[in-house]
Amino acid sequence: MSSSQTKRPLSSAKAGPLSGDIRVPGDKSISHRSLMFGGLAIGTTKVTGLLEGEDVLATADAMRKLGAKVIRDEDGTWHVTGVGVGALREPDSVIDMGNAGTGIRLMAGIVATHPITTFFTGDASLCKRPMGRVADPLSEFGAQFITRDRGRPPMAVIGTDEAKPVTYTLPMASAQVKSAVMLAGLNTTGTTTVIEPKPSRDHTERMLRHFGVDVDVKVNDDGGRTVSLTGPVEMKAADIVVPTDPSSAAFPMVAALINPDS
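Letter by letter, the sequence shown follows residues 1 to 262 of this note's numbering.
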């Protein structure tokens, strides 16, 4: 038995001028890291302007399950009281990262060098994405990964309590993989180094420094960069004002530009 849908034509009408004020959402990458780094720091971090999308809220829930205290005030300010590097609590249940690809990869780096077992899952889309790009270098620290076929979530990360420092050369520039390796290095005795063939986004390096971590960055002769840190480290709480995302501002800006008298 078959059924057919009635096709309906789409129509549009000219809009009048646009006016008013909007608040541009906060940057997603920095929002993720604000919650993670606040949860690893000693003390309470105040976060203003956090992007409250589903991906970032999944990271907030993940940090709670790992022992951090994460609360939101009525005015939208977030407060994260950390447990300190090396003191994460083994979660009582599976951590659901929703659709947060950045979240699950960076979280894998954090838990890889803590002596806990962490189970991650996500939505249908996330569970189609291979995690081998982060599992391979993180395994060099001594962590173990159990995934479905082709390295896809759900994923179990069995962290190590005898992490060995790693020097890892990225096959291609990737801020996520670089960050995962660096975060694993936070609780590793010795110097962890990432060599990238060309510069990638440096949110992690900048924000770790803001939380008191000494991160060394050198420009290589071929234009790439070598990023290193020596652990274990003690991160100190540091307030964050999340900058807005320029790409999100583009939509209302274009709408105003193409509507006369806006």
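Using N, Cα and C, we set each Cβ at its ideal position, and we do this for glycine too. All figures in this text were calculated on a predicted structure; none of them were measured in a lab.
Self-check item: Helix, strand or coil at Lys28 [DSSP, three-state]
Solution: By one-based count along the sequence shown, residue 28 stands at place 28. Note: Lys28 maps to helix in three-state DSSP.
Quiz item: When the Cα atoms are used, what is the spatial distance from Gly190 to Thr230?
Solution: In the sequence shown, counting from the first residue as 1, residue 190 sits at position 190. In the sequence shown, counting from the first residue as 1, residue 230 sits at position 230. Within the model, the alpha-carbon separation for Gly190 versus Thr230 is close to 5 angstroms.
Quiz item: What distance in whole Å lies between the Cβ atoms of Arg150 and Val177, which are believed to be in contact at a cut-off of 8 angstroms?
Solution: Sequence index remark: in the sequence shown, residue 177 carries index 177 (1-based). Sequence index remark: in the sequence shown, residue 150 carries index 150 (1-based). Not confirmed; about 17 angstroms, so no contact.
Quiz item: Under the three-state reduction of DSSP, which class applies to Glu196: helix, strand or coil?
Solution: In the sequence shown, residue 196 corresponds to position 196, counting from 1. Glu196 carries a strand assignment under DSSP once its states are collapsed to helix, strand and coil.
Exercise. Could you check what DSSP says for Arg33 in three-state terms: helix, strand or coil?
Key: Looking up residue 33 in the sequence shown gives position 33. DSSP places Arg33 in helix when its eight states are reduced to three.
Quiz item: Are there 16 or more other CB atoms within 10 angstroms of the CB of Lys28, so buried, or fewer, so exposed?
Solution: Position 28 of the sequence shown, counted from the start, is the residue given in the question as residue 28. Note on Lys28: 16 or more other CB atoms within 10 angstroms of its CB, so buried under the neighbour-count rule.
Exercise. Report buried or exposed for Gly109, applying the criterion of at least 16 other Cβ atoms within 10 angstroms of its Cβ.
Key: Position 109 of the sequence shown holds residue 109. The C-beta of Gly109 has 16 or more other C-beta atoms within 10 Å across all chains shown, which makes the residue buried.
Quiz item: Any idea what DSSP makes of Ala256, helix, strand or coil?
Solution: Here residue 256 is taken as the residue at index 256 of the sequence shown, counted from 1. Three-state result, Ala256: helix.
Quiz item: What is the DSSP secondary structure of His114, reduced to helix, strand or coil?
Solution: Stepping through the sequence shown from its first residue, residue 114 is reached at position 114. In the structure shown, His114 adopts coil according to DSSP, grouped into three states.
Exercise. Would you give the residue range spanned by the alpha helix (DSSP H) that Asp136 belongs to?
Key: Sequence index remark: in the sequence shown, residue 136 carries index 136 (1-based). Element bounds for Asp136: Gly132 to Ser139.
Quiz item: In whole angstroms, what separates the C-alpha of His210 from that of Phe37?
Solution: One-based indexing of the sequence shown puts residue 210 at position 210. One-based indexing of the sequence shown puts residue 37 at position 37. Between His210 and Phe37, the C-alpha separation is close to 10 angstroms.
Practice problem: Identify which residue in Ser34, Ile22, His114 and Ile258 has its Cα closest to the Cα of Val80. | Solution: Counted from its first residue, the sequence shown places residue 80 at position 80. Ranking the options by Cα distance to Val80, first place goes to Ser34.
Exercise. Please list, in chain order, all residues of the same chain as Thr117 whose beta carbon is under 6 angstroms from its beta carbon, the five residues on each side excluded.
Key: Taking the sequence shown and counting its residues from 1, one reaches residue 117 at position 117. Result list for Thr117: Ile158, in chain order.
Quiz item: Are there 16 or more other CB atoms within 10 angstroms of the CB of Glu162, so buried, or fewer, so exposed?
Solution: The residue labelled residue 162 in the question sits at position 162 within the sequence shown. So Glu162 ends up on the exposed side.
Practice problem: Check Leu50 in the structure and name its three-state DSSP category. | Solution: In the sequence shown, residue 50 corresponds to position 50, counting from 1. Note: Leu50 maps to coil in three-state DSSP.
Exercise. Inspect the CB distances between the stretch 93-113 and the stretch 179-187 and report whether three or more fall short of 8 angstroms.
Key: Touching, yes.
Exercise. With DSSP as the reference, label Met264 as helix, strand or coil.
Key: In the structure displayed, the chain extends from 1 to 262; residue 264 sits before or after that span and is not available.
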